[in-house]
Every structure is written in C-alpha cells, then in structure tokens.
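Before any comments, here is the structure.
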Amino acid sequence: MRDAARFLEDLGVDLIDINMGCPVDRITKGGAGAALMLDEELTEELVLAIVEAVEIPVTVKMRLGWDEDTINAHVLAPRLEQMGVAAVAVHGRTKQQAYTGSVNLEAIRAVVQSVKKIPVIGNGDVHTHHDAKRMLEEVGCSAVMVGRAALSDPFFFCQTSSYLRTGREPVEIGLAARLLFMHYHFSLALRYFGEEEACLLFRKVISGYSEFFGKKERWRVAMNCLESVQEYLDVVSELTPDQFPPEIRNPKLCPESLYVHLRSSSGNLLPASAVI
Ligand SMILES: Cc1cc2nc3c(=O)[nH]c(=O)nc-3n(C[C@H](O)[C@H](O)[C@H](O)COP(=O)(O)O)c2cc1C
7 MRDAARFLED
17 LGVDLIDINM
27 GCPVDRITKG
37 GAGAALMLDE
47 ELTEELVLAI
57 VEAVEIPVTV
67 KMRLGWDEDT
77 INAHVLAPRL
87 EQMGVAAVAV
97 HGRTKQQAYT
107 GSVNLEAIRA
117 VVQSVKKIPV
127 IGNGDVHTHH
137 DAKRMLEEVG
147 CSAVMVGRAA
157 LSDPFFFCQT
167 SSYLRTGREP
177 VEIGLAARLL
187 FMHYHFSLAL
197 RYFGEEEACL
207 LFRKVISGYS
217 EFFGKKERWR
227 VAMNCLESVQ
237 EYLDVVSELT
247 PDQFPPEIRN
257 PKLCPESLYV
267 HLRSSSGNLL
277 PASAVI
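Here it is in structure tokens:
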C-alpha cells in the first residue's frame, strides 16, 4: 500500500483515502476493508508507512468497528490523528451490521469528540437534505458523506448544499433537467468507457434516474438490456414527453453541447454548479 500510495502521488492525485469501511466478506477475508479495524497495531503501522511515504494528505474511511462488542472507531481515530492522518470519515454502522439497522449518530459523535482538530466526516443514512442537517447538528461533524442517495439523485449535492447554506427548501428539479443531466452522464460514459461498457453501466444507473421519472417501470424495462447508443436514443425519444425540446428528446451525445444546454436552458431549475 505504501508503494501504491507513492505511485498515486506521482500520478498527481490530490489525496489518498484508506478504505477501512468495506464490509464485504470477499474483501475482509483478505484482511482488507473493515477487517483493518480488528488489528489496531498492524493498521497503525500500515497507515504510518503511508503517511510517511507521501506529501499529499492521507485520510481514512472507517466503520464504527467490527461488531457491537468491538466498537473502536473512537479509539483508532485519535491515534491516526497523531500519525498525521488529515481527516476521518465514519460510517455509523459496524461491519457486522453491513447495511442493516440504522446509523448510530451517538457513536459517530464519540469519534468527533475523540480527536483534537482533524475534521470528522459523518456518513450513513443521509437520504435527504434534512438528514444531512441532522447529522451535522447532532453529531457535530465537519462534513457529511453521501453514498446511496447520490446514486439515484445526482442533484442531491447541489440541493443539499443550497439548503444548508440558505435554510430554504431546495427548488424542485424538473424532469427536463434530470433527462438532460442523464444525457450528459451517458455521453461522458461513452467517451470514457466506449459504447459497450457505457451501455452496461446505464442498465444499472437507470434505476436511480427513473426513481424521479413518471414512467419509472417503462424506463427500467426499456434500458435493462441496453446494447447500443441507437437503442438509448430510441428509448429516450419514445418515453420523453412530446412537448420537450429537441436537445432532450433527440440529444446529440456530445458532452460539450449538453453542458451548454444544461447551463443555459435550466434557468432556475439547475444551478450551473450542479453540472460540475
Ligand atoms: C455501490 C456502493 C459501493 C460502495 N463502495 C465502497 C467502497 O469502495 N469503500 C467504502 O469505504 N465504502 C463503500 N461504500 C459504502 C459507502 O461509502 C457508505 O459508507 C455507505 O453506503 C453508507 O452511506 P449511505 O447511507 O449514504 O449510502 C459503497 C456503497 C455502495 C452503495
């Protein structure tokens, strides 16, 4: 991991985040993910080796501990701070809980109180902007990390940050802006992964987007076996309401042109910052 960290630093990454949160057995069986929390001494040795090997910040993402009887995030966090870790993110569940039960805000709060000055990022079950506020207020953490909510709603971040800044309920994001954003996402996926992989990816992500579309099931079924750009375009033109403009019903899948539409056609629907 030390060599990997140096390699990444040479590539120009901004920070290294060490994953001590993954509960999946395939990962923990090899001693990685949440299993790192079981052997505190070895883990500290590992983290120190990485911190000393690179100049960029090293952060750690962890769970509360392995199970209810071995909760130790509040013990590890201050020791990691002493070693020079720049921030810790804590998912308020144990490895054994995986994703069951609910997040333990009190235990994340104990981690916040255990460190002197590094930021603690609270994570788990932030599904709405109200949850984000509650996490910040009740836990006293410096930031919140959002996982699953962002998978179905890419606008979650701009809406939540606007709510946290202003205290006003965020403006609803309409279907037009959501579709346009989906085209932007698909066109970037095409550019980065190519047609085959982008289509496979979109079979998965459509279930998130379609949560907010009227004909949810039809979108899912139609995209479920997506194989080509042409099929994507056919589904979009069939399921998009007739009155929507051409850049939404028959998009040209070029990220730059969609970016322009997102910025200009959105009006108060979509702050430009949401696009980046
Ligand atoms: C599809 C998926 C992949 C994830 N991969 C990782 C990972 O590689 N490392 C990690 O620390 N957490 C991972 N997580 C966990 C999330 O970072 C987060 O801790 C967890 O989902 C709880 O936050 P949430 O309630 O906002 O989703 C993953 C979660 C999901 C849903």
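Sequential numbering of the sequence shown, starting at 7, is according to the numbering used here. Backbone N, C-alpha and C define an ideal beta-carbon position, used for all residues, glycine too. Note that the coordinates shown come from a computational prediction; the quantities given were computed from them, not determined experimentally.
Same chain only: Cβ atoms within 6 Å of residue i, ignoring 5 sequence neighbours per side
i, result
"lysine 101", "Pro29, Ala40, Arg69, Trp72"
"arginine 255", "Ser243, Thr246"
"proline 63", "Leu21, Ala92"
"valine 117", "Ala79, His80, Ala83, Val96, Val126"
"alanine 11", "Ile22, Ile56, Ala59, Val60"
"serine 216", "Lys222, Trp225, Arg226"
"leucine 54", "Met89"
"phenylalanine 218", "Arg184"
"isoleucine 24", "Val66"
Cβ-heavy atom distance, residue i to ligand 1, below 7 Å
i, result
"asparagine 110", "no"
"cysteine 28", "yes"
"arginine 209", "no"
"valine 126", "no"
"arginine 226", "no"
"alanine 155", "yes"
"aspartate 131", "yes"
"histidine 189", "no"
"lysine 35", "no"
"lysine 67", "yes"
"histidine 97", "yes"
"asparagine 78", "no"
"valine 177", "no"
"asparagine 25", "yes"
"valine 152", "yes"
Continuous beta strand (DSSP E) stretch holding residue i: start and end
i, result
"aspartate 137", "Aspartate 137 -> not in any beta strand (DSSP E); alpha helix (DSSP H) instead, spanning 135 to 145."
"lysine 210", "First-last for lysine 210: 201 to 216, but that is the alpha helix (DSSP H), not the beta strand (DSSP E)."
"aspartate 23", "22 to 26"
"threonine 100", "Looking at the DSSP string, threonine 100 is not in any beta strand (DSSP E), and its letter there is neither H nor E."
"threonine 34", "That residue, threonine 34, is in no beta strand (DSSP E); its alpha helix (DSSP H) goes 31 to 34."
Test item: CB-CB of residue i and residue j under 8 Å
i, j, result
"lysine 67", "alanine 38", "no"
"isoleucine 212", "arginine 197", "no"
"phenylalanine 192", "alanine 204", "yes"
"isoleucine 124", "glutamate 178", "no"
"glycine 214", "leucine 157", "yes"
"asparagine 129", "glycine 98", "yes"
"valine 145", "valine 132", "no"
"isoleucine 114", "cysteine 164", "no"
"alanine 138", "threonine 166", "yes"
"phenylalanine 199", "proline 160", "no"
"glutamate 201", "serine 168", "no"
Under the three-state DSSP convention, the category residue i falls into
i, result
"isoleucine 124", "coil"
"valine 118", "helix"
"methionine 7", "coil"
"alanine 278", "Since pLDDT at alanine 278 reaches only 38, below the 50 mark, its modelled position is unreliable, and the value read off the structure follows with that caveat. If DSSP states are grouped into helix, strand and coil, alanine 278 belongs with the helices."
"lysine 67", "strand"
"serine 272", "The predicted position of serine 272 is uncertain, since its pLDDT is 48 and thus under 50; a value taken from the coordinates is nonetheless stated next. Here serine 272 sits in coil by DSSP."
"valine 19", "coil"
"alanine 228", "helix"
Unbroken alpha helix (DSSP H) run spanning residue i, endpoints
i, result
"alanine 149", "Run containing alanine 149: none in the alpha helix (DSSP H); it sits in the beta strand (DSSP E), 149 to 151."
"threonine 172", "162 to 172"
"threonine 49", "46 to 59"
"threonine 246", "It is not in any alpha helix (DSSP H) - threonine 246 carries neither H nor E in the DSSP assignment."
"alanine 156", "154 to 158"
"alanine 83", "79 to 89"
"proline 252", "252 to 255"
Proximal residues to residue i (C-beta, below 7 Å), its chain only, five neighbours per side dropped
i, result
"leucine 232", "Cys205, Phe208, Arg209, Tyr238"
"glutamate 51", "none"
Same chain, Cβ closer than 8 Å to residue i, neighbours up to 5 away in sequence not counted
i, result
"alanine 195", "Glu203, Ala204, Leu207, Phe208"
"leucine 44", "Trp72, Thr76"
"glutamate 47", "none"
"proline 277", "Its pLDDT being 42, under 50, proline 277 is placed unreliably by the model, and the measurement read from it follows with that caveat. Only Cys164, Ser168 meet the Cβ criterion."
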